[in-house]
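*Asks:* Numbering (the numbering used here), first residue to last: 40 to 278.
Quick reminder that beta carbons are idealized off the backbone N, C-alpha and C, glycines included.
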């Protein structure tokens, strides 16, 4: 039963990540925590996300907005130490609760056609917030998802630019974790078992991406934001 659940988690998360550029960590990490210790679940998520991004980026690199990507990388690099300080000083439950409330509020605004203009300064800020969140709670995606959703960015650019950024931020996070926290053989063994499932998810996710239009893609992003916000609220609400 645990093997079946593992296959299902990785398959669905891979399809989502391949078709949108988002979602693997949002969907997979909470469920992987039922099967693995926290360190194993987080590093397995980073490892499989890197595999998906590495494979896909070769095919869709022409859709990357290199200017936005560069500013995301600069902003996140500057803000990574801030995220580490947040992790060390703030209560994580309260931080995640606040982020969950923020995501739900922003998603409601987006549903009512609230729009954001893409600018160079905003690229740096969004990259910075993403870097800080990566170092503090391991979730780089929400600020980028909000930003691109608010700008109604073309789905090809969203997916390619996001996956390229993930290559940087996830590889950096994995290296930091391995160096300062350590790793375990079970993580790499489970990652090896997950690779064939990821390949199937890549194939199915690409087919899904080719079939969804811009409007459907936008509402999938809204759904991911809502799921993330609700998950953070339920997981961290004071009882």
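Shortest alpha-carbon distance to residue 126 belongs to which of 162, 172, 99?
*Replies:* Reading the chain shown from its first residue, position 87 is the one you call residue 126. Measuring from the Cα of residue 126, the nearest candidate turns out to be 172.
*Asks:* Quick check for students: name the residue ranges of the alpha helix (DSSP H) that lie wholly in the stretch 99 to 176, counting only runs of 4 or more.
*Replies:* Here the runs fully enclosed are 105 to 128, 131 to 150, 159 to 176.
*Asks:* Pull up the distance between the alpha-carbon of residue 45 and that of residue 190, whole angstroms please.
*Replies:* Against the chain shown, residue 45 aligns to sequence position 6. Against the chain shown, residue 190 aligns to sequence position 151. When rounded, the distance between both Cα atoms is 35 Å.
*Asks:* How many whole angstroms separate the CB atoms of residue 208 and residue 179, which I take to be in contact at a CB cut-off of 8 Å?
*Replies:* Numbered from 1 along the chain shown, position 169 holds the residue referred to as residue 208. Numbered from 1 along the chain shown, position 140 holds the residue referred to as residue 179. Yes, they are in contact, since the Cβ atoms of residue 208 and residue 179 sit about 5 Å apart, within 8 Å.
*Asks:* If we count the other Cβ atoms within 10 Å of its Cβ and call it buried at 16 or more, is residue 132 buried or exposed?
*Replies:* Working through the chain shown from its first residue, we reach residue 132 at position 93. With fewer than 16 other Cβ atoms within 10 Å, it is exposed.
*Asks:* Only counting the same chain, and skipping five residues up and downstream in sequence, which positions put a Cβ closer than 6 Å to that of residue 268?
*Replies:* For the purposes of this step, residue 268 is taken as residue 229 along the chain shown, with counting starting at 1. 139, 142, 143.
*Asks:* Check residue 268 in the structure and name its three-state DSSP category.
*Replies:* Mapped onto the chain shown, residue 268 falls at position 229. In the structure shown, residue 268 sits in a helix (DSSP, three-state: H, G or I).
*Asks:* Tell me which residues share the same chain as residue 167 and place their Cβ nearer than 7 Å to its Cβ, disregarding the 5 neighbours each side in the sequence.
*Replies:* Walking along the chain shown from the start, residue 167 turns up at place 128. Closer than 7 Å at the Cβ level, and outside the excluded window around residue 167, lie 114, 115, 117, 118.
*Asks:* Please state whether the Cβ-Cβ distance between residue 66 and residue 78 is less than 8 Å.
*Replies:* Residue numbering aside, residue 66 sits at position 27 when the chain shown is read from its first letter. Residue numbering aside, residue 78 sits at position 39 when the chain shown is read from its first letter. Not in contact: residue 66 and residue 78 (Cβ atoms no closer than 8 Å).
*Asks:* Kindly give me the distance between the Cβ atoms of residue 240 and residue 57, rounded to whole angstroms, as I take these residues to be in contact under 8 Å.
*Replies:* What you label residue 240 is simply residue 201 of the chain shown in a count that begins at 1. What you label residue 57 is simply residue 18 of the chain shown in a count that begins at 1. Confirmed, Cβ separation roughly 6 Å.
*Asks:* With a 10 Å radius around its C-beta and 16 neighbouring C-beta atoms as the bar for buried, classify residue 219 as buried or exposed.
*Replies:* Translated into the one-based positions of the chain shown, residue 219 becomes position 180. Answer is exposed; the Cβ neighbour count stays below 16.
*Asks:* Output needed for residue 153: all residues of its chain with C-beta closer than 7 Å, excluding positions within five of it in sequence on either side, in chain order.
*Replies:* For the purposes of this step, residue 153 is identified with residue 114 of the chain shown, where counting begins at 1. Within the same chain, residue 153 has close Cβ partners 189.
*Asks:* Apart from the five residues just before and just after residue 272, which ones in its own chain have a Cβ nearer than 8 Å to its Cβ?
*Replies:* To locate residue 272, count along the chain shown from 1; it is residue 233. So the qualifying residues of the chain are 136, 139, 140, 143.
*Asks:* Taking only the alpha-carbon atoms, compute the straight-line gap between residue 202 and residue 121 and give it to the nearest angstrom.
*Replies:* Taking the first residue of the chain shown as position 1, residue 202 is located at position 163. Taking the first residue of the chain shown as position 1, residue 121 is located at position 82. Rounded to the nearest angstrom, the two C-alpha atoms are 23 Å apart.
*Asks:* With a Cβ-Cβ cutoff of 8 Å, do residue 260 and residue 68 count as a contact?
*Replies:* By one-based count along the chain shown, residue 260 stands at place 221. By one-based count along the chain shown, residue 68 stands at place 29. Against a cut-off of 8 Å, the Cβ pair of residue 68 and residue 260 comes out as no contact.
*Asks:* Where in the stretch 223 to 252 do unbroken runs of the alpha helix (DSSP H), each at least 4 residues long, occur, reported from the N-terminal end onward?
*Replies:* Those alpha helix (DSSP H) runs which fall completely within the stretch 223 to 252 and span 4+ residues are 224 to 250.
*Asks:* Taking a contact to mean a Cβ-Cβ separation below 8 Å, would you say residue 237 touches residue 87 in this structure?
*Replies:* Locating residue 237 in the chain shown gives position 198, counting from the first residue. Locating residue 87 in the chain shown gives position 48, counting from the first residue. Cβ distance < 8 Å, so residue 237 and residue 87 count as in contact.
*Asks:* Determine the contact status of residue 108 and residue 204, defining contact as a CB-CB distance below 8 Å.
*Replies:* As a working mapping, residue 108 is identified with position 69 in the chain shown. As a working mapping, residue 204 is identified with position 165 in the chain shown. Result yes, Cβ atoms of residue 108 and residue 204 sit closer than 8 Å.
*Asks:* Would you mind listing the alpha helix (DSSP H) stretches within the stretch 65 to 105 that are 4+ residues and don't spill past its ends, in chain order?
*Replies:* Fully enclosed alpha helix (DSSP H) runs of 4 or longer: 77 to 99.
*Asks:* Quick check: residue 245 and residue 194, are their CB atoms within less than 8 Å of each other?
*Replies:* Residue mapping note: residue 245 aligns to position 206 of the chain shown, counting from 1. Residue mapping note: residue 194 aligns to position 155 of the chain shown, counting from 1. No; because the gap between Cβ atoms is not below 8 Å, this pair is not in contact.
*Asks:* Using the three-state DSSP reduction, which class does residue 178 fall into: helix, strand or coil?
*Replies:* The sequence position of residue 178 within the chain shown is 139, counting from 1. Looking at residue 178 - three-state DSSP - the assignment turns out to be coil, as it is neither helix nor strand.
*Asks:* Can you tell me the Cα-Cα spacing of residue 158 and residue 104, whole angstroms?
*Replies:* To locate residue 158, count along the chain shown from 1; it is residue 119. To locate residue 104, count along the chain shown from 1; it is residue 65. Looking at the two C-alpha atoms, the distance is approximately 13 Å.
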